[in-house]
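Count along the sequence shown starting at 1, add 398, and that's the number in the numbering used here. No residue lacks a Cβ here, since even glycine has one placed at the ideal position from N, Cα and C. The model shown is predicted, which means the values in this text are computed figures rather than measured ones. Quick notes on the structure that follows.
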Amino acid sequence: MKLFTRQELKDARVFFDKQPPRYMTVFILFTIGVLVLSLIGAQVVKRPYIVKAQGTVTVEGTSYLAARTHGVVTELHVNSGQYVEKGEPILSISTGNEGIQASVVDAQIAELEETLMVMDRYEEAIATKTNTLNREGQELEYYGKMAYYLDTLNQEEFETTKLENDIQEKQQALDQFVKENSEAKKNLERVITKLNDKETEQKSISNSLVEKEEKHEVLFQELTALEEKAMESEEETLFEALADKQKELDRLSESMEQTQQKLESDDAYIELMEKKAEYEAAIESNDMEIKGIEDELKHLNEEKETPYSQAEQTRLQLLSELGEKRNQVYHQLVELRANQGAANQQDEIHQVVASESGVVHYLQPLSQGISIQQNQVIGEIAMEDNNFYIDSYINAQDRSRVGEGQSVKVQVLGVNNYRFGTLEGTLTFIEPGTIQNETQEGVVSFYRATVQLDTTKLQSKSDEVIEIVRSMPVEARIVYQEESYLEWLLNLLNLISS
């Protein structure tokens with residue numbers, strides 16, 4: 399049997415006249431259709447290039463709990479999964495030194511507040527002028543000062559009373575002297591009136607005596623002339639007339655003597671003159687006494703009305719000293735209360751409190767007696783599990799491939815990926831710096847990244863649903879590039895450049 403090649407049979411009639419079987423036609427058409435559909439599918443279906451990043455499901459608004467000091471857990475106020483309000487204590491830590499400084503400051507503040515109360519009682523005692531303080535403790539000092547003030551006040555009141563009594567006695571004496579002086583002046587006026595009457599009477603007697611003396615002189619001259627004439631004539635009638643004249647002269651002389659005696663020996667006038675002198679002396683003496691008493695009264699009244707008061711000066715001095723000490727106590731209280739606030743804040747670091755309201759989740763098992771280091775993160779708080787995002791870590795060597803805005807497929811570890819699929823998301827943020835992590839292979843650098851999820855549940859074709867919860871471990875697959883399988887195949891065959 400001769401075998402022919404295809405080249406030899408290309409011009410042969412048998413090559414053109416032979417009809418292929420029908421199944422071959424169908425097979426050829428099917429093959430062509432498969433090739434066309436494969437090419438279309440290879441062009442449409444994309445082959446993703448991904449960067450894997452390990453992470454966990456996190457709730458937006460999550461705040462972390464950290465211990466501000468080292469110590470031992472003494473009490474758990476909230477269990478994991480419980481809801482807490484902002485500021486509510488979560489657990490207490492003891493270092494063995496908490497509360498000591500605060501107790502010392504509280505004791506000092508209590509002592510100063512008691513001092514202020516004693517000062518208030520002391521001030522009230524000064525105001526009421528009553529020593530209500532005790533002779534013990536802090537009140538002993540103010541008791542002595544109050545006793546000194548009251549002694550000064552009593553002494554001043556005694557002196558004031560004595561001064562008022564002296565003024566009253568002097569005033570009574572002055573009134574008595576004024577009264578006596580007034581009566582003496584009235585008596586003097588009456589004596590002067592009587593003296594004036596006596597002087598008028600004596601003047602009348604004196605005038606009468608002068609008249610009698612003049613008449614006596616005339617009679618004496620007449621008698622002398624008549625005697626000469628009788629001696630010359632020796633007439634009987636002349637001697638009779640001379641005898642009559644002599645009798646008349648004798649009577650006049652006797653009357654003159656009586657008048658002179660009456661004028662010289664007037665006892666009533668002398669008595670009036672003596673009374674006048676007595677009253678004048680009494681008035682002069684009373685005037686001197688009155689002037690002296692008035693001067694004394696003026697001095698006593700000035701002393702009484704003087705603004706200086708030893709008790710008042712003592713009171714003002716005590717109040718001034720009290721004000722200075724009270725200001726010192728206030729300054730000390732301000733400093734101690736500041737120290738108290740610092741001490742209380744220092745003690746507050748022994749409590750871990752909720753920074754936000756939400757549900758507590760401890761990152762490690764906690765119970766009484768467990769030791770905690772300073773700044774150790776022990777838990778987290780989140781409001782509600784309805785706003786999830788992925789907190790992931792990208793290997794530093796893959797940082798150049800990824801960027802914000804790229805799509806992400808999130809696989810929940812432990813879930814059948816082929817049955818439930820993956821979560822869709824978007825890379826929204828990449829921290830600018832790296833985070834160092836020590837592993838068995840050495841120190842590895844990561845970039846922390848945030849992936850925002852489009853959905854928060856996985857659903858299978860049989861309508862089984864898995865709701866994601868906080869802290870689920872996931873793997874974020876960041877799609878940094880896509881190409882069709884046709885491009886991949888052509889690139890693999892080196893038919894196009896990559």
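Sequence-distant Cβ neighbours of Tyr546 in its own chain, meaning closer than 8 Å and more than five residues away, are Thr712.
Taking a contact to require three or more Cβ pairs closer than 8 Å, the segment 452-472 and the segment 748-763 qualify as touching.
With a 10 Å radius around the Cβ and a threshold of 16 neighbouring Cβ atoms, Ile788 comes out buried.
In the three-state DSSP reduction, Gln795 falls in the helix class (H, G or I).
Of the residues Leu561, Asn477, Met515, Thr454, the one whose Cα lies closest to the Cα of Leu698 is Leu561.
Nearest to Val877 by C-alpha distance, out of Leu851, Val800, Leu887, is Val800. In this structure Tyr728 is exposed. Its beta-carbon is surrounded by fewer than 16 other beta-carbon atoms within 10 angstroms. When the beta-carbon positions are compared, Gln774 and Ala464 come within less than 8 Å of each other. With respect to Ala794, Gly453 sits apart: the two C-beta atoms are not nearer than 8 Å. No Cβ-Cβ contact shorter than 8 Å links Thr826 with Gln809. Closest by C-alpha distance to Lys596, out of Leu670, Glu626, Gln644, is Leu670. The Cβ atoms of Gln749 and Ser490 sit closer than 8 Å to each other. Shown here, Leu761 sits in coil according to DSSP, grouped into three states, outside any helix or strand. Arg817: member of the alpha helix (DSSP H) spanning 815-818, first to last residue. Spatial neighbours of Pro763 in its own chain (CB-CB distance under 8 Å, excluding positions within 5 residues in sequence) are not present. Ranked by Cα distance from Thr824, the first of Val806, Asp861, Ala451, Gly831 is Val806. Separation of Lys584 and Glu567 (C-alpha to C-alpha, rounded to the nearest whole angstrom) is 25 Å. Counting along the chain, the unbroken beta strand (DSSP E) around Arg846 starts and ends at 840-851. CA-to-CA, the gap between Tyr677 and Ala639 works out to about 56 Å. The segment 859-875 makes no contact with the segment 423-434, as fewer than three CB pairs between them are under 8 Å. By the Cβ rule, the segment 718-735 counts as touching the segment 509-528, because three or more pairs are nearer than 8 Å. Rounded to the nearest whole angstrom, the CA to CA distance from Tyr845 to Glu829 is 6 Å. Glu687 and Leu572 have their C-alpha atoms spaced approximately 8 Å apart. Burial is judged here by how many other beta carbons sit within 10 angstroms of a residue's own beta carbon; Ser798 has fewer than 16 and is exposed. Between Thr493 and Thr467, the C-beta spacing is below 8 Å. Comparing alpha-carbon positions, the option among Met629, Ser653, Glu587, Asn594 lying closest to Lys610 turns out to be Ser653. Residue state for Gly812 is assigned as coil, using DSSP reduced to three classes. Annotated three-state conformation of Arg868 is coil, per DSSP. Setting aside the 5 residues that flank it on each side, Lys613 is surrounded in the same chain by Leu650, each with a C-beta closer than 8 Å to its C-beta; the list follows chain order. Relative to the Cα of Asn552, the nearest Cα in the group Lys527, Asn785, Arg533 belongs to Lys527.
Lys484: not part of any beta strand (DSSP E); DSSP gives it neither H nor E.
Minimum Cα-Cα distance from Met517 among the listed residues Ser765, Gly812, Glu719, Leu811 corresponds to Glu719.
Going by DSSP, Thr493 is part of no beta strand (DSSP E) at all; its letter is neither H nor E. Here the alpha carbons of Gly485 and Met781 stand approximately 14 Å from one another. Val758 and Asn835 have their alpha carbons spaced roughly 26 Å apart. Annotated three-state conformation of Thr530 is coil, per DSSP.
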